[in-house]
Amino acid sequence: MVEPRIAVAVVTMGNRPAEVDALLESVAKQDIEPARIVIVGNGCRLPEFAERLSLPGRVTTIDVEENLGCPGGRNVALARLREYDDVDVVVELDDDGLLVDADVLRRVRELYAADPRLGIVGFRIADEHGETQQRHVPRVGKSDPMRGGDVTGFLGGGHALRMEMLAETGDWPAEFFFAHEETDLAWRAADAGWKIRYVPELLLQHPKTSPARHAIYYRVNARNRVWLVRRRLPLPLVPLHLGVWTLLTLARTRSTAGLRAWFGGFVEGLREPAGERRPMRWRTVWRLTRLGRPPVI
1 MVEPRIAVAV
11 VTMGNRPAEV
21 DALLESVAKQ
31 DIEPARIVIV
41 GNGCRLPEFA
51 ERLSLPGRVT
61 TIDVEENLGC
71 PGGRNVALAR
81 LREYDDVDVV
91 VELDDDGLLV
101 DADVLRRVRE
111 LYAADPRLGI
121 VGFRIADEHG
131 ETQQRHVPRV
141 GKSDPMRGGD
151 VTGFLGGGHA
161 LRMEMLAETG
171 DWPAEFFFAH
181 EETDLAWRAA
191 DAGWKIRYVP
201 ELLLQHPKTS
211 PARHAIYYRV
221 NARNRVWLVR
231 RRLPLPLVPL
241 HLGVWTLLTL
251 ARTRSTAGLR
261 AWFGGFVEGL
271 REPAGERRPM
281 RWRTVWRLTR
291 LGRPPVI
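If you're matching positions, the sequence shown starts at 1 in the working numbering and goes up one per residue.
Listed below in structure tokens is the structure:
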């Protein structure tokens with residue numbers, strides 16, 4: 001087995017300095033050193049981390065003048081890693097996360113060394129009490145967060161991506177800015193024949209949150225879902241997927257203002273260009289269905 005070279009990438013808006021310091025200290029405590037650490041300041045100027053925190057490996061900080069959103073910021077990190085050309089797998093972590101265990105990077109390296117078709121590894125997200133929110137389990141319905149295996153999606157807060165896979169599928173959909181970017185990337189990976197594996201032993205501690213805490217949540221959630229299916233689903237599945245999610249939104253959303261914003265985003269998604277249309281093959285639809293999540297749910 002060839003041991004892949006691991007990088008760590010973190011995107012931050014500069015509003016969580018204590019959390020970023022704690023995250024980077026947890027990276028420094030890993031029992032193998034990452035080949036690279038890239039920290040992107042998304043619309044902010046970053047301090048010098050390497051000397052202050054005694055970080056292992058080679059540390060690069062990148063200041064971006066405007067906030068590009070989470071997927072756009074991650075693409076900046078990926079572009080820099082390609083320039084270095086000495087990394088095989090990138091571990092991307094939320095800036096308010098924490099690696100509790102010291103063997104996370106080593107476990108990631110072992111997983112990728114053992115399976116050349118492993119494209120994406122999803123971490124388990126749990127709060128400081130060890131609780132994992134159900135929305136963070138990459139399966140339909142109530143599912144045991146400790147059950148790992150091959151899945152159809154992954155969590156943006158903590159995951160690993162094979163650089164070879166990204167060279168084939170393309171990077172994050174920067175135009176999404178926030179919401180559903182993981183699904184867009186996961187569907188492209190699955191359609192290209194790459195495996196997506198949920199590994200609950202890889203823990204990222206993360207505060208319990210609600211996605212609706214973001215002011216733009218309802219609008220971009222709807223807009224991006226429309227864009228997602230316009231880009232990635234066979235035509236017969238587009239109205240089915242959107243119909244299912246419209247009904248679910250009506251059943252779940254208690255905020256009148258939220259519903260107005262959601263439907264506004266839905267219309268925006270229909271009117272605005274969705275980007276390149278590259279629908280998945282029907283055999284990919286069947287593969288996702290066999291894995292427990294047909295791409296209409």
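For glycine and all other residues, C-beta sits at the position ideal for the given N, C-alpha and C.
Task: Assigned secondary structure, T132 (DSSP; H/G/I helix, E/B strand, else coil) - done: As a first step, residue 132 must be located in the sequence shown, where it is residue number 132. Reduced to three states, the DSSP call for T132 is coil.
- [ ] State the DSSP-derived secondary structure class of F263, mapped to helix, strand or coil.
- [x] Within the sequence shown, the letter at position 263 stands for residue 263. It is helical.
TODO: Answer yes or no: do R219 and G156 have a C-beta to C-beta separation smaller than 7 Å?
DONE: Working through the sequence shown from its first residue, we reach residue 219 at position 219. Working through the sequence shown from its first residue, we reach residue 156 at position 156. No.
Open item on the list: Helix, strand or coil for R219? Go by DSSP, reduced to three states.
Closed with: Your numbering for residue 219 matches position 219 in the sequence shown. Of the three classes helix, strand and coil, the one that applies to R219 here is helix, per DSSP.
TODO: Going by CA-CA distance only, name the one from D144, V229 and G122 that's closest to E131.
DONE: Translated into the one-based positions of the sequence shown, residue 131 becomes position 131. Measuring from the Cα of E131, the nearest candidate turns out to be D144.
Task: Selected residue, minimal CA-CA separation from A257, among W245, G57, I216 and V296 - done: What you label residue 257 is simply residue 257 of the sequence shown in a count that begins at 1. When only C-alpha atoms are compared, the closest one is I216.
Open item on the list: If the criterion is Cβ atoms closer than 7 Å, does the pair A190 and T284 meet it?
Closed with: In the sequence shown, counting from the first residue as 1, residue 190 sits at position 190. In the sequence shown, counting from the first residue as 1, residue 284 sits at position 284. Yes, they are a contact pair.
Task: Burial state of L316 (16 or more Cβ within 10 Å) - done: An answer regarding residue 316 cannot be provided, because it is not within the stretch 1 to 297 covered by the chain.
TODO: Report buried or exposed for E26, applying the criterion of at least 16 other Cβ atoms within 10 angstroms of its Cβ.
DONE: What you label residue 26 is simply residue 26 of the sequence shown in a count that begins at 1. For the sequence presented, residue 26 should be read as Ser rather than Glu. S26 is buried by the Cβ-count criterion.
TODO: Starting from the Cα of G119, find the closest Cα among M146, L161 and V76 and give me that residue.
DONE: Residue mapping note: residue 119 aligns to position 119 of the sequence shown, counting from 1. Of the candidates M146, L161 and V76, the one whose C-alpha sits nearest the C-alpha of G119 is L161.
Open item on the list: Taking the alpha-carbon of G153 as reference, which of A186, D127 and M163 has the nearest alpha-carbon?
Closed with: Counting from one through the sequence shown, the residue named residue 153 turns up at place 153. Checking every option, the nearest Cα to that of G153 belongs to A186.
- [ ] Measure the C-alpha to C-alpha separation of R188 and T169 and round it to an integer number of angstroms.
- [x] Within the sequence shown, numbered from 1, the residue matching residue 188 stands at position 188. Within the sequence shown, numbered from 1, the residue matching residue 169 stands at position 169. Distance between the alpha carbons of R188 and T169: 6 Å.
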